[in-house]
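Protein chains in written order, with full-length UniProt numbering: chain P, 1 to 205; chain B, 1 to 205. Contents: one structure, followed by commentary.
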């Protein structure tokens with residue numbers, strides 16, 4: 001059985017990461033987006049284990065104490081974390097796992113799993129990024145300026161990633177992403193595991 | 001200007017390496033097969049600089065003394081070598097270079113250029129390999145047995161390569177090869193070089 005690969009996909013807001021990853025998942029077999037643990041309350045209709053595993057603050061702290069997380073972050077009063085055990089179980093089933101996290105989470109993951117593959121997605125230009133961050137034009141200039149500062153701050157870490165994608169045309173960026181996933185499955189360790197006894201039979205008889 | 005990548009492609013006889021590489025080159029831009037230096041005499045119609053650079057034994061030895069080769073091998077009385085300067089000039093022009101060499105040459109190259117990418121091509125099974133090595137059925141069992149021993153010896157080094165391809169269906173193996181080349185061009189260093197000032201403009205303004 002070939003082991004899956006772990007991908008860290010990061011991008012500034014406005015790069016189109018979520019849409020790209022969602023299209024990738026729909027069109028590719030044996031790949032999934034990581035399901036994080038969170039202390040935030042489920043919203044109406046949110047199912048446990050679907051987008052998140054909903055846990056109490058106590059349960060989250062217990063997992064922290066056991067170093068059960070690959071990476072974790074706090075957003076306002078809520079904690080979010082990626083469970084090592086959950087990711088491992090997917091990888092062991094031969095499923096690739098995508099972590100949609102920021103550069104800080106990426107760094108935490110790489111420290112524990114240096115074999116993970118980092119992909120950074122960029123918008124094609126500052127002008128296009130500005131347009132995307134303005135969205136439907138209902139936000140104040142101040143809010144847009146803050147989004148831009150956050151985006152520039154995130155982008156400043158692009159060089160920590162293995163691959164760099166430019167999301168200019170969505171279909172092209174999706175094709176790029178698909179090529180990375182496909183070629184990773186041709187890497188020696190995965191192919192050799194996949195061939196299994198067929199490889200043995202070729203080399204010895 | 002983005003720098004090209006150097007590929008080491010190795011395989012036992014019968015794996016279909018030459019046909020695959022030839023189809024790849026025809027269908028892909030900015031990629032070439034390395035042109036080796038050799039002391040063997042040109043055959044009628046062979047043009048200097050096309051498949052080989054034809055040089056005298058003295059000239060070859062002078063290049064050896066200058067450590068001008070990335071890798072070299074001797075076949076009977078003839079010497080073959082890949083010129084570092086030639087490979088570098090292609091890479092600097094943004095052209096990917098393929099070295100079709102054996103595992104020994106691959107090892108020499110990796111010692112000097114650890115960033116080179118190794119691809120090993122396998123036949124799908126021993127039975128299929130046997131069939132391919134028999135070719136048109138005009139060779140003795142002894143010759144075929146020697147080819148098989150050589151093939152097994154070459155295959156025993158598969159784990160020294162980054163990627164492993166199985167040439168079962170030609171078109172599938174070609175697609176695999178194309179995906180590796182394509183995804184390599186998305187690696188951070190190449191994309192960042194390719195974007196050049198556009199990347200700067202995104203990050204600072």
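Just so it is clear, CB atoms sit at the ideal spot from N, CA and C, and this is done for glycine as well.
Measure the CB-CB distance between residue 162 of chain P and residue 118 of chain P and report whether it falls below 8 Å.
Mapped onto the first chain, residue 162 of chain P falls at position 162. Mapped onto the first chain, residue 118 of chain P falls at position 118. Closer than 8 Å, so yes.
Can you tell me which of B:21, B:110, B:61, B:179 puts its alpha carbon nearest to the alpha carbon of residue 98 of chain B?
Indexing the second chain from 1 puts residue 98 of chain B at position 98. Residue nearest to residue 98 of chain B within the set B:21, B:110, B:61, B:179 is B:21 (criterion: CA-CA distance).
According to DSSP, residue 71 of chain P sits in a beta bridge with which residue or residues?
Counted from its first residue, the first chain places residue 71 of chain P at position 71. In DSSP, residue 71 of chain P forms a bridge with P:82.
When burial is assigned at 16 or more other CB atoms within 10 Å of the CB, is residue 75 of chain B buried or exposed?
Translated into the one-based positions of the second chain, residue 75 of chain B becomes position 75. By the neighbour-count rule (16 or more Cβ atoms within 10 Å), residue 75 of chain B is not buried but exposed.
Is the beta carbon of residue 80 of chain B sitting closer than 8 Å to the one on residue 90 of chain B?
Here residue 80 of chain B refers to the residue found at position 80 of the second chain. Here residue 90 of chain B refers to the residue found at position 90 of the second chain. Residue 90 of chain B is positioned such that its CB atom lies no closer than 8 Å to that of residue 80 of chain B.
At which residues does the alpha helix (DSSP H) containing residue 46 of chain B begin and terminate?
As a first step, residue 46 of chain B must be located in the second chain, where it is residue number 46. Neither: residue 46 of chain B is in no alpha helix (DSSP H) and is coded neither H nor E.
Would you verify that the beta carbon of residue 191 of chain B is, or is not, closer than 8 Å to some beta carbon of chain P?
The residue labelled residue 191 of chain B in the question sits at position 191 within the second chain. At least one CB atom of chain P sits nearer than 8 Å to the CB of residue 191 of chain B.
Using a 10 Å radius around the Cβ and a threshold of 16 neighbouring Cβ atoms, would you call residue 56 of chain B buried or exposed?
Residue mapping note: residue 56 of chain B aligns to position 56 of the second chain, counting from 1. Burial call: exposed.
Could you pull out every residue in the same chain whose Cβ sits closer than 8 Å to the Cβ of residue 191 of chain B, ignoring the five residues on either side in sequence?
Taking the second chain and counting its residues from 1, the one referred to as residue 191 of chain B is at position 191. Once the five neighbours on either side are set aside, the close Cβ partners of residue 191 of chain B are 2, 185.
Short CB-CB distance (under 8 Å) between residue 7 of chain P and chain B
Position 7 of the first chain, counted from the start, is the residue given in the question as residue 7 of chain P. With 8 Å as the cut-off, residue 7 of chain P does not count as an interface residue toward chain B.
Pull out every residue of the segment 171-184 of chain B whose Cβ sits closer than 7 Å to any Cβ of chain P, in chain order.
So the close ones are 176, 179, 180, 182, 183.
Go ahead and pull the three-state DSSP assignment for residue 105 of chain B.
In the second chain, residue 105 of chain B corresponds to position 105, counting from 1. Helix, per DSSP.
What whole-angstrom Cβ distance do residue 122 of chain B and residue 15 of chain B have, given they're in contact under 8 Å?
Locating residue 122 of chain B in the second chain gives position 122, where the first residue counts as 1. Locating residue 15 of chain B in the second chain gives position 15, where the first residue counts as 1. So it is a contact: roughly 6 Å between Cβ atoms.
Taking 8 Å as the CB-CB cut-off, is residue 164 of chain B touching chain P?
In the second chain, the residue the question calls residue 164 of chain B occupies position 164. Yes, residue 164 of chain B counts as interfacial toward chain P.
Going along chain P, which residues have a C-beta under 7 Å from residue 188 of chain B?
For this step, residue 188 of chain B is matched to residue 188 along the second chain. Ordered by position in chain P, the residues that pass the 7 Å Cβ test against residue 188 of chain B are 159, 161, 162, 163, 164.
Short CB-CB distance (under 8 Å) between residue 3 of chain P and chain B
Within the first chain, the letter at position 3 stands for residue 3 of chain P. Contacts with chain B at 8 Å (Cβ-Cβ) do not include residue 3 of chain P.
Does the segment 132-150 of chain B come close enough to the segment 158-173 of chain B that 3 or more CB-CB pairs lie under 8 Å?
Because the criterion of three Cβ pairs below 8 Å is not met, the segment 158-173 of chain B and the segment 132-150 of chain B do not touch.
Within 8 Å, do at least three Cβ pairs link the segment 48-63 of chain P to the segment 23-38 of chain P?
For the pair of segments examined, the segment 23-38 of chain P was found to touch the segment 48-63 of chain P: the number of CB pairs separated by less than 8 Å reaches three.
Residue 161 of chain B, enclosing alpha helix (DSSP H) - first and last residue
Taking the first residue of the second chain as 1, we reach residue 161 of chain B at position 161. Judged by DSSP secondary structure, residue 161 of chain B falls outside any alpha helix (DSSP H); it is assigned neither H nor E.
Check the Cβ of residue 20 of chain P against every Cβ in chain B and list those closer than 7 Å, keeping chain order.
The count along the first chain starts at 1 and reaches residue 20 of chain P at position 20. Residues of chain B passing the Cβ test: none, with the nearest at roughly 13 Å.
Beta bridge counterpart(s) of residue 100 of chain P as assigned by DSSP:
Here residue 100 of chain P corresponds to residue number 100 of the first chain, with the count starting at 1. P:9, per the DSSP bridge assignment.
With DSSP as the reference, please indicate the residues paired to residue 120 of chain B in a beta bridge.
The sequence position of residue 120 of chain B within the second chain is 120, counting from 1. Beta bridge pairing from DSSP links residue 120 of chain B with B:10, B:164.
Let's test the definition: count the other Cβ atoms within 10 Å of the Cβ of residue 127 of chain B and tell me whether it reaches 16, buried, or not, exposed.
Sequence index remark: in the second chain, residue 127 of chain B carries index 127 (1-based). Residue burial is scored here from C-beta neighbours: residue 127 of chain B has fewer than 16 other C-beta atoms within 10 angstroms and is therefore classed as exposed.
Whose CA, out of P:44, P:134, P:62, lies closest to the CA of residue 13 of chain P?
Numbered from its first residue, the first chain carries residue 13 of chain P at position 13. Considering only alpha carbons, the answer is P:134.
DSSP three-state assignment for residue 88 of chain P, whether helix, strand or coil:
Within the first chain, numbered from 1, the residue matching residue 88 of chain P stands at position 88. Helix.
Chain P partners of residue 122 of chain B, CB-CB under 7 Å?
For the purposes of this step, residue 122 of chain B is taken as residue 122 along the second chain, with counting starting at 1. Chain P residues near residue 122 of chain B: 202.
Return the first residue and the last residue of the alpha helix (DSSP H) that residue 18 of chain B is part of.
To locate residue 18 of chain B, count along the second chain from 1; it is residue 18. Unbroken alpha helix (DSSP H) run through residue 18 of chain B: 17-27.
Measure the beta-carbon distance from residue 198 of chain B to residue 125 of chain P and round it to whole angstroms, keeping in mind my assumption that it falls under 8 Å.
On the second chain, position 198 is the one that residue 198 of chain B refers to. On the first chain, position 125 is the one that residue 125 of chain P refers to. Sure, about 7 Å apart at Cβ, within 8 Å.
Looking only at C-alpha atoms, which of P:182, P:203, P:67, P:102 sits nearest to residue 85 of chain P?
In the first chain, the residue the question calls residue 85 of chain P occupies position 85. Out of P:182, P:203, P:67, P:102, P:67 has the C-alpha closest to the C-alpha of residue 85 of chain P.
I'd like to know if residue 17 of chain P contacts chain B, where contact means its C-beta is closer than 8 Å to some C-beta of that chain.
By 1-based counting over the first chain, the position of residue 17 of chain P is 17. For residue 17 of chain P, the answer is no, since every Cβ of chain B falls outside 8 Å of its Cβ.
Using DSSP with H/G/I as helix, E/B as strand and the rest coil, what is residue 204 of chain B?
Within the second chain, residue 204 of chain B is the residue found at index 204, counting from 1. Residue state, collapsed to three classes: coil.
Listing by chain order, which chain P residues have their CB less than 8 Å from the CB of residue 156 of chain B?
The sequence position of residue 156 of chain B within the second chain is 156, counting from 1. Within chain P, the residues whose beta carbon sits less than 8 Å from that of residue 156 of chain B are 203, listed in sequence order.
Among residues of its own chain, excluding the 5 on either side of residue 120 of chain B, which ones have a beta-carbon nearer than 6 Å to its beta-carbon?
Counting from one through the second chain, the residue named residue 120 of chain B turns up at place 120. Cβ contact annotation for residue 120 of chain B (same chain, cutoff 6 Å, sequence separation greater than five): 10, 158, 161, 164, in chain order.
Please go through the same chain and pick out, in chain order, the residues whose beta-carbon is closer than 8 Å to the beta-carbon of residue 32 of chain P, but skip the five residues on each side of it.
As a first step, residue 32 of chain P is located in the first chain; it is residue number 32 there, counting from the start. Only 25, 90, 95, 96, 97, 98 meet the Cβ criterion.
Residues that DSSP places opposite residue 95 of chain P in a beta bridge
The residue labelled residue 95 of chain P in the question sits at position 95 within the first chain. DSSP output for residue 95 of chain P lists no bridge partner at all.
Kindly list, in the order they appear in chain B, the residues whose Cβ is closer than 8 Å to that of residue 31 of chain P.
Residue numbering aside, residue 31 of chain P sits at position 31 when the first chain is read from its first letter. Near residue 31 of chain P there are no residues of chain B at all, since even the closest Cβ is about 15 Å away, more than 8 Å.
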